Structures are given as structure tokens and as C-alpha cells.
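Engineer: Chains as they are written, first to last, in the working numbering: chain A, 68 to 206; chain B, 624 to 1417.
Here it is, the structure, as C-alpha cells.
If you want it as C-alpha cells, here you go:
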């Protein structure tokens, strides 16, 4: 499968897909998208990159072991739910912080943090499965 | 009197040990064993906090504080402070302070000391929560938390098979009992409609009148008896001696094992004073007392002797609590206090001897009094209290309990005789523990014995001196500690008057003299007594401890049998069974009840909609006629994409989006799996086998179609849709309802799901690794396995 065309185009394609996945993740609260879909897109991006350029280079590129990315995602997902304790509210009550940045209204919220957690979990878990499957003893 | 509401400080006091558990490893890394000093401040402050309640509580006041936990289920994190919980909280935090110090000295230089402190603090927090919790469900949670943390503590030395076995045994027995208790609590909640202990206590006849008294009684007893090691569940407790000594000292003096006694005392106003209560409890308590003391006499290991006497003391406490008689209960409270103090001190002494002399077998010890003078004094003071001699709190406790049993009860004589025999044997053990290691000629010990550091002797000295001090100020002790606790047990305010010295010669004093005389007589014959008991036990040759092993191996054998027959290891069989049963489950009900859905009218479709159906069917045909597996996988992807398009057209963009990604990824991963597992590119099944699989597949498809049709023919209940349409913008600030539901309205579900995704990922990863090269770091686990086999061979 490692044709020269595929190998040349794969890094750009991967970069675009990762960018798109983040876009999908961030717009999820108002438009179709969200952490789960974004995570799946990013995981496909990793899989493509891995098929094209070898698993070792993917592992180098993402620095952390994908499973620890997933673990971190789960951690911040759970952490996002605990912020409400400080306001004496139930676990997972959403907190909102909406402020103005150069005239654009930027909403920050715990659901967003939670969604990022979901994204990381999906990227990490699916990505690590895909990478482990791609990995050959010779790689 | 209705409880007064207080602020949340007490709630934080319960949670403080958990915070300390987080900090402990860091502090230990910085200060080594001296971290014990700053860490001991935490239980010290908790002690001071609860000491503030002594005054008001002794005047008959009670307090509650509450914090919502899962309010929709009525589960709150709430505390109830009265005499009983104050006494326990003071014991847990007070003794806990010295246990932390002691652990600092005892495990000095141990590489895992930080972890040990951490476990100890978690255990302390669990225990505090248990004795203070007002809400039955949160009480249960802390109850099981004590089982889990004690599992960690008992199995701390996890490289030893004996430790692991003891830890598992304690967890199985006490954790299993905890589940029984949960059942009891649920029955209570259903029968009375109340979940807070303080509310139940304010109308004590609620349970007795509910008609469910007997099941509630038995279930609660199941929890209490397993936790407090009552016969026949007594075996786990001496085995728990595998834990490092600070744990034993803590477990036995103030905490874990007293949890069952605490529970019985707590529910005494609700369940006590019935014919069932006053027969079952004294019977089992009495048996436990005798069994415990007799087994203790046989032992020569200091810790085991003390452990069996703990079993005996718990039996005595249960027996006294079971009488439901005011004077006997007073004796129980006093004995509880006395036991916590002397047992904590003696365990620490035993640990110090072990630590400094290298053995704790009394036959190999002797003449340590000059080498370890401070420990010696502490041991003597504690042992005198344990033996029930004046002027110690153990003496007062014994006087009061004899006063309570003798002549006051219908069953006074058997209970008194049991108590006398038990107490005199207790005196034998106390004498053996205090005299054997310290008096007589100096014996050569494995280590050169000398006095331990201050961290080691601070606890025993303080606790044993407290046992003396509380007796010297007997009147105050009675007013401040015993009276309020007794009030909790009786459900009405009592003030009591305690004296150290008996005012006149009466029955209890005579019984005391008999006890002491009998004890001394038996002590002189200790070796002969030990031989006789060992002979009897050898003749019986079976005990609950052995029974536990037989039970465990039985369970293992049974599950191996089940596994052999159900889990053949052939993927093909699993898939056939799973899908076969799915087909039956979705098809059978419709056919049996003859309620098949009507065939719907075909609506008008536009040409592009037909186009998509066409693509889907094309994909399916391609799957069926595909020559190679890879083609089949890709063709299946075509069909999946068509379904995604259908989702998109009928107004589910999110679902369609996800479907697209899932289809893509499944094709990629299936292709990878194929190449990875070196499957042959073709399907080599025979025609009949393929036909069989096809029939099952078609049946599942038909079944799901019929189910879907049946569902869509139901009138649509739009309440949820309306709710989410209405509120997702205003409450959750999001226009995409699907996403809002996922991350906001049902965020906890999603949290659970992503946890599942992580776990599934880990499992798949592990499975992939198993098939290929063994990882170099997996060799680390091998010595453990070898050791287990060795241990089993032994």
C-alpha cells in the first residue's frame, strides 16, 4: 500500500484531518460534530499516517503513548465534572465562562473540557489499537 | 431530643484523612520516616475537633450535618454526632495519631513507607465515616471502604503468599458480610421509608412494627458478625496478623473489628431488646468469647495471642450488647473503652519487641525488662488493665459487667459463668504477654534487644497511662464518655456514677476475686493447658479456616468446570451462539404472542432516495459474491456508507457523521486485523456451514426489522424530545441537541462510556500483545508466579 503518491500525500492529508477533527470537536456544541466524531476522524488520520509512513514515525509524532492520551482524556473528562463542587452543585453540573475577545463572544465551559476529554479518549484508544495492529515485528 | 444542625466542619474532618492519604507519600519522600510527625497532626486535629463535642454530648445533645451526594436517591453524606459516635471518633483519631507515629518508627527505611501511610489514612477516613455516617447508604459505602482499605493493609507485604491469602480472606468474609448488610439497609429503607439513622432513632419502634423485623435483624447481624469476627467467622482476624504491626494495632484496638460492635450498639435502640436479640447475640458472643480465649492460650506468638483475645473481647462485647440490660450495656461501653486502650498499647509493644529483639515468640524471649524499660512499663500497665486489676479501667469495666450480668438477667448465671471463664483466661494471656518476654533470665534473641526510639514507645506509653488515668478519674470518665454512649445505646438520656474502688463487698467483687484466683491458677499451669488444647484441636482437625480454603477451592473448581463447558475457546462457536440467541430473543416473542407488526405502506420515494437504497443493496450483493475477504470487508463498507447517507437525509447529521467515521475505521481496522492475523484471504467454509451462518444472519436481520417496525408503530411519546428542544439552548447553551445530551444532560453516562472505551482499548492492546512477542518487562511478574506455586506446594 505504500505507493510513492500515498506516502507523499499522507502527511498533508493527516495534518488536514487532524485540523478538521479539532474543528469538528470545537463546533460540536452547536453544529453536527463533537468529541466522539472528532476523535474518530483524528484516529483515522493516525491510521492513515501509520499505513503510509510506518508506525514508528506516528509514535514519534504524537510523543505520548496513545493509551496515555486516552487516560489523560478520561482524567480531564472526570475533572471537568468536579469543578461544580466548588459551587456546591452536583457532579457534572456545567459551568460557563463567556467573555469577549476582540469583539467576538468566546464561550468557555466544562462541557467543552469534557468533550475534549472524550476526543482524547477516542483518539487514544482507537489510535492505539490501530497502531498496535499496524505494527510489525520488522518495523 | 431532636439533633441540632451544625456546620460542615465535621464533614470535612471525616474527609481530612483522605486528603492526608494523598499528601503522605510526598511528605515521606521529603522527610523519610520523620514524615510521621507532621502527618500525625491530621488525626490529632480531628481528635481535638471531636473533643469539642464531649461537653455538649455529655449533656444529652446530638448533632447532625449533611451534604447532598446523590439527592435523587436520598443518599447524602451526612453525619450524626452523639455519645456513641463521639466515643468512636475519639478512639479512631486519638489512637490513630499514635498509630501514625508508630508506623513512622516501625517501617523506618521501608521503601514503601509512603504508600503505607497512604493506606493507613484511607483506612482511618473510612472508619471515621463509618462511625459518623447518618445516612444508611453512605454508612454502607464507608463500611465496604474499611473492608477494601484493610485488604490493602493486610496484604501490604504482597510478595508473601500468606499475606495475600489473609488479605483475600478478610476481604471475602468482611466484604461479603457488607453486602448482606446492604441488603439489610435496603430492607430497612423500604420498610420504613427512612434513610437517615437519626430519623430512625427518633422513632425506634418503626422497624419492630414493620413486620420485617426478622429479615432485617438477620441481615444486619450478618454484616456485624462477619466484621467483628464472631464465631463462626472468627478465623479471618488472627490471619490478618500477616499485616505489619501498626495495622494490627489499629485494626484491633479502635477500628475495623469494632465496626461490627459499633453497628450492633448503633442499631440497639431499633432492633434490640427483643426475644431474638437477647438469645442470638449472647449465644454467639459467649461462644466467641470462649473460643477466642481458648485458642489464644494455645498460641506462643505475641501477636497471635493478642489477636485471639481480640476475638474473645469482641465476643464479650456482643454478648453484653445482646443482653439489652442497662447495667450490662454500661459494662460493654466501659469494656470497649478499656479494650481499645490496652489492646492498642499491647499490640504496639508486641511490635516493638519484634522490631528490637527480632522475634515475638514468647518461648524465645525473656529478661527484656532492663533492655527495654519504657516498653516494659507500658506493657505492664496495659496488661494489668487487660487482666482486670485495680486501679485500671479494665477493672472497673469488669466490675460493672459482672454487676450487670449477676442476678439482673434471666440468663444471668450462664452469662456470668462464661464471662468469668473468659476473663480469667484473658488474665492468663495478659500475664503471659507481660511476664514472659520481660521477666526471668535474659534470653539470647535474634537481634540485640534495646529500647526503641520515641516513635515506637510514645503510643504504648500514652495509651496505657490513659487506661490508668481514666480509671483514677472514674467519675469524670463516667460522666463524659460512658454516660453519653450508654444514652445512645438505650435511646434515652442516662447519667451514671462510676467509682474506682468498690464501696462494699458485693457479688461483682467476689466474682472478680474468683476470676483473678482462677486466672493465676491457670497461669501456673500454662504449659500443660497449652498442650491439652493443642491435643483437642489436633483431634478435631478441622476449623473454619480450613473450611474457608475448601470453600475457595470448591468455587475455583466449579468455575473451572463451567468455563470448560461454556468457553470452548472457539470464536466460531461463540458467534453462532450469540447471534443464534439474539435471533431467538427478537423473533420468538412476536411469533409466540402472535403480535407481529403490520406491513407498513410504502411511501413515495424520490429518485435519489431510491439511488441510495440501490447502493446499499449493491453493497450487500457484493459482500455475498465477493471472492476474497478483503473485497467483502470493503463491500460491507459501501453498505455502511449508504446507511450513513440515509441517516443524513432523514435529519440525523450527527449520527450519519459518526456512522461514516465508524464505517471507515472498521474497514481500516478489519483490513489490518486480517493482514495482522495472517488469515487466509478466502473463506474456506463448506456450503452447509455457510448456509447455516446465513440462516442465523437472516433470522437476526428479520428479527431486528420486525422489532423496528413494531416500535415505530407505537404512538410516539415526544416528551423527551420536547424537553431537550426546549432546554438545550436555555440551560446548556448549545444548539446541537445530540451533543448537548452527550456532554451535558447525560454527561455522567458519557463519562462511564469513555471509561469503557479506555478499558476496551487496554484489553485489545493486551490481546494483540499476547499473540506476538513477549514484552521484555513482562518478565518482572514471573518470580511472583513461581513464589505462589511454591507457597501452594508447601
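By construction, the Cβ of each residue, glycine as well, lies at the ideal position given by its N, Cα and C atoms.
Since this is a predicted model, take the numbers as computed values, not measurements.
Just to confirm the assignment: which complete alpha helix (DSSP H) runs, minimum length 4, are found wholly within the region 1275–1310 of chain B?
Structural biologist: Qualifying alpha helix (DSSP H) stretches, in chain order: 1276–1299.
Engineer: Any contact between the region 1161–1173 of chain B and the region 849–867 of chain B? By contact I mean 3 or more CB pairs, one from each, below 8 Å.
Structural biologist: As far as the Cβ criterion goes, the region 1161–1173 of chain B touches the region 849–867 of chain B, which means the pair count is three or higher.
Engineer: Using DSSP with H/G/I as helix, E/B as strand and the rest coil, what is residue 163 of chain A?
Structural biologist: Looking up residue 163 of chain A in the first chain gives position 96. Strand at residue 163 of chain A.
Engineer: Since residue 1001 of chain B and residue 1087 of chain B should fall inside the 8 Å C-beta cutoff, what is the C-beta to C-beta distance between them, to a whole number of angstroms?
Structural biologist: The sequence position of residue 1001 of chain B within the second chain is 378, counting from 1. The sequence position of residue 1087 of chain B within the second chain is 464, counting from 1. Going by Cβ atoms, the distance from residue 1001 of chain B to residue 1087 of chain B rounds to 5 Å, so yes, they are a contact pair.
Engineer: For residue 1367 of chain B, name the three-state secondary structure that DSSP assigns.
Structural biologist: Within the second chain, the letter at position 744 stands for residue 1367 of chain B. In the structure shown, residue 1367 of chain B sits in a helix (DSSP, three-state: H, G or I).
Engineer: With 16 as the cutoff for other CB atoms within 10 Å, does residue 792 of chain B come out buried or exposed?
Structural biologist: Within the second chain, residue 792 of chain B is the residue found at index 169, counting from 1. Answer is buried; the Cβ neighbour count reaches 16.
Engineer: Who are the neighbours of residue 138 of chain A on chain B, taking C-beta pairs under 7 Å?
Structural biologist: Counting from 1 along the first chain, the entry for residue 138 of chain A is found at position 71. By Cβ distance, chain B contributes 1381.
Engineer: Any idea if residue 993 of chain B is buried or exposed, counting beta-carbon neighbours within 10 angstroms, 16 or more meaning buried?
Structural biologist: Sequence index remark: in the second chain, residue 993 of chain B carries index 370 (1-based). Exposed: under 16 other Cβ atoms inside 10 Å.
Engineer: Can you tell me which of B:706, B:731 and B:702 puts its alpha carbon nearest to the alpha carbon of residue 656 of chain B?
Structural biologist: On the second chain, residue 656 of chain B is found 33 positions in, with the first residue counted as 1. Closest option to residue 656 of chain B, Cα to Cα, is B:731.
Engineer: Using three-state DSSP, classify residue 1217 of chain B as helix, strand or coil.
Structural biologist: What you label residue 1217 of chain B is simply residue 594 of the second chain in a count that begins at 1. Residue 1217 of chain B: coil per DSSP, three-state reduction.
Engineer: Enumerate, from N- to C-terminal direction, the unbroken beta strand (DSSP E) stretches of 3 or more residues contained entirely within the region 911–960 of chain B.
Structural biologist: Runs found: none.
Engineer: Rounded to the nearest angstrom, how far is the Cβ of residue 940 of chain B from that of residue 903 of chain B, given a contact under 8 Å?
Structural biologist: For the purposes of this step, residue 940 of chain B is taken as the residue at position 317 of the second chain. For the purposes of this step, residue 903 of chain B is taken as the residue at position 280 of the second chain. That pair is no contact at about 15 Å.
Engineer: Which residues in chain A sit within 8 Å of residue 1281 of chain B, going by Cβ to Cβ distance?
Structural biologist: Stepping through the second chain from its first residue, residue 1281 of chain B is reached at position 658. Under the 8 Å cutoff, chain A gives 103, 104 and 107.
Engineer: If you reduce the DSSP assignment to three classes, tell me which class residue 27 of chain A lands in.
Structural biologist: Outside the displayed range of chain A (68 to 206) lies residue 27 of chain A, so it cannot be described from this structure.
Engineer: So, is the C-beta of residue 1356 of chain B closer than 9 Å to a C-beta in chain A?
Structural biologist: Position 733 of the second chain, counting from 1, holds the residue named residue 1356 of chain B. So yes, residue 1356 of chain B belongs to the interface.
Engineer: Would you please state the rounded distance, in angstroms, between the beta carbons of residue 1074 of chain B and residue 997 of chain B? I believe it to be under 8 Å.
Structural biologist: Position 451 of the second chain holds residue 1074 of chain B. Position 374 of the second chain holds residue 997 of chain B. About 6 Å; that satisfies the 8 Å criterion.
Engineer: Checking contacts by CB at 9 Å: is residue 1304 of chain B closer than that to chain A?
Structural biologist: Translated into the one-based positions of the second chain, residue 1304 of chain B becomes position 681. False, the Cβ-Cβ gap to chain A never drops below 9 Å.
Engineer: Taking the Cβ atom as the reference point for each residue, do residue 738 of chain B and residue 865 of chain B lie within a distance shorter than 9 Å?
Structural biologist: Locating residue 738 of chain B in the second chain gives position 115, where the first residue counts as 1. Locating residue 865 of chain B in the second chain gives position 242, where the first residue counts as 1. No, the Cβ-Cβ distance between residue 738 of chain B and residue 865 of chain B is not below 9 Å.
Engineer: Should residue 1157 of chain B go down as buried or exposed, given a rule of 16 or more other Cβ atoms within 10 Å for buried?
Structural biologist: As a position in the second chain, residue 1157 of chain B is number 534, starting the count at 1. So residue 1157 of chain B ends up on the exposed side.
Engineer: Given that residue 111 of chain A touches chain B, what residues does it touch there, using C-beta distances under 8 Å?
Structural biologist: The residue given as residue 111 of chain A occupies position 44 in the first chain. Simply 1284, 1287, 1288 and 1291.
Engineer: Thinking residue 878 of chain B and residue 797 of chain B are a contact (beta carbons under 8 Å), I'd like their distance in whole angstroms, please.
Structural biologist: Taking the second chain and counting its residues from 1, one reaches residue 878 of chain B at position 255. Taking the second chain and counting its residues from 1, one reaches residue 797 of chain B at position 174. Actually they are not in contact, since the Cβ atoms of residue 878 of chain B and residue 797 of chain B sit about 12 Å apart, beyond 8 Å.
Engineer: DSSP three-state call for residue 692 of chain B: helix, strand or coil?
Structural biologist: As a working note, residue 692 of chain B is residue 69 in the second chain. If DSSP states are grouped into helix, strand and coil, residue 692 of chain B belongs with the strands.
Engineer: Anyone know if the C-beta pair for residue 639 of chain B and residue 748 of chain B falls short of 9 Å?
Structural biologist: Translated into the one-based positions of the second chain, residue 639 of chain B becomes position 16. Translated into the one-based positions of the second chain, residue 748 of chain B becomes position 125. Yes.
Engineer: Using a Cβ cut-off of 9 Å, pull out every chain A residue sitting near residue 1378 of chain B, in sequence order please.
Structural biologist: Position 755 of the second chain, counted from the start, is the residue given in the question as residue 1378 of chain B. Ordered by position in chain A, the residues that pass the 9 Å Cβ test against residue 1378 of chain B are 141, 144, 145 and 188.
Engineer: Could you check whether the Cβ of residue 182 of chain A sits closer than 9 Å to any Cβ belonging to chain B?
Structural biologist: As a working mapping, residue 182 of chain A is identified with position 115 in the first chain. Judged by the 9 Å Cβ criterion, residue 182 of chain A is in contact with chain B.
Engineer: In or out: residue 130 of chain A buried (at least 16 other Cβ within 10 Å) or exposed?
Structural biologist: Working through the first chain from its first residue, we reach residue 130 of chain A at position 63. Residue 130 of chain A is exposed by the Cβ-count criterion.
Engineer: Quick one: complete beta strand (DSSP E) runs, 3+ long, within the region 747–798 of chain B?
Structural biologist: Those beta strand (DSSP E) runs which fall completely within the region 747–798 of chain B and span 3+ residues do not exist here.
Engineer: For residue 993 of chain B, name the three-state secondary structure that DSSP assigns.
Structural biologist: Here residue 993 of chain B corresponds to residue number 370 of the second chain, with the count starting at 1. Reduced to three states, the DSSP call for residue 993 of chain B is coil.
Engineer: Using a Cβ-Cβ cut-off of 7 Å (strictly less than) and excluding sequence neighbours within five positions of residue 665 of chain B, which residues of its own chain qualify?
Structural biologist: The sequence position of residue 665 of chain B within the second chain is 42, counting from 1. Excluding residues within five positions, the ones whose Cβ falls inside 7 Å are 639, 640 and 643.
Engineer: Have a look at residue 1147 of chain B and residue 714 of chain B and give me their C-alpha separation to the nearest angstrom.
Structural biologist: Within the second chain, numbered from 1, the residue matching residue 1147 of chain B stands at position 524. Within the second chain, numbered from 1, the residue matching residue 714 of chain B stands at position 91. So the alpha carbons of these two residues sit roughly 35 Å apart.
Engineer: Are the C-beta atoms of residue 630 of chain B and some chain A residue less than 9 Å apart?
Structural biologist: In the second chain, the residue the question calls residue 630 of chain B occupies position 7. By this cut-off, residue 630 of chain B is not an interface position.
Engineer: Compile a chain-ordered list of the residues in the region 190–202 of chain A whose CB is closer than 8 Å to at least one CB of chain B.
Structural biologist: Here the close residues are 191, 192, 193, 195, 196, 197, 199, 200 and 201.
Engineer: Residue range of the beta strand (DSSP E) that residue 698 of chain B falls in?
Structural biologist: Position 75 of the second chain, counting from 1, holds the residue named residue 698 of chain B. 698–704 is the extent of the beta strand (DSSP E) around residue 698 of chain B.
Engineer: Suppose the cutoff is 8 Å on Cβ atoms and the five residues either side in sequence are ignored; what does the same chain contact list for residue 1329 of chain B look like?
Structural biologist: In the second chain, counting from the first residue as 1, residue 1329 of chain B sits at position 706. The residues are 1209, 1210, 1213, 1219 and 1220.
Engineer: Got a sec? Which residues, its chain only, sit under 6 Å from residue 806 of chain B by beta carbon, not counting five neighbours each side?
Structural biologist: Here residue 806 of chain B corresponds to residue number 183 of the second chain, with the count starting at 1. Excluding positions up to five away in sequence, the list reads 842.
Engineer: Since residue 754 of chain B and residue 852 of chain B should fall inside the 8 Å C-beta cutoff, what is the C-beta to C-beta distance between them, to a whole number of angstroms?
Structural biologist: Here residue 754 of chain B corresponds to residue number 131 of the second chain, with the count starting at 1. Here residue 852 of chain B corresponds to residue number 229 of the second chain, with the count starting at 1. Rounded, the Cβ-Cβ distance is 18 Å, inconsistent with contact.
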